[in-house]
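Report on the following structure.
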């Protein structure tokens, strides 16, 4: 049996800090085990980037705010981690591959 590496439970993200702010992510749950690959796919505006940025601790401060749930990396809660700890984790245990549309596919290179 493989260990759970990343566990997101009932994640919520809202715009702004005001109570009743507009929810843009509501109730996402994901579990990734060792040796698994996860791809987030969906229509434009469906929350892929916000989910990824929240997981990495890279949300713009004060603009988008996690409003519930938990994100655990190898059992360690990320939503309450300090900025310093998140930097350490990003340097050693987790990474995000950002999409670059200009380098994703080249029309002159055969696939």
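Numbering (our numbering), first residue to last: 2 to 112.
Just so you know, even glycine gets a beta-carbon here, dropped at the ideal spot from N, CA and C.
| field | Among 47, 8 and 98, nearest to residue 26 - alpha-carbon criterion | value | Comparing Cα-Cα distances from residue 26 to each of 47, 8 and 98, the minimum goes to 47.
| field | Residue closest to residue 76, alpha-carbon to alpha-carbon, out of 88, 33 and 49 | value | Nearest option by C-alpha distance: 33.
| query | Does the separation of the CB atoms of residue 14 and residue 67 fall below 8 Å? | reply | A Cβ-Cβ contact shorter than 8 Å links residue 14 with residue 67.
| request: Spell out the partners DSSP gives residue 72 in its beta bridges. | output: The partner list for residue 72 (beta bridge, DSSP) reads 9.
| Does the separation of the CB atoms of residue 58 and residue 12 fall below 8 Å? | No, the Cβ-Cβ distance between residue 58 and residue 12 is not below 8 Å.
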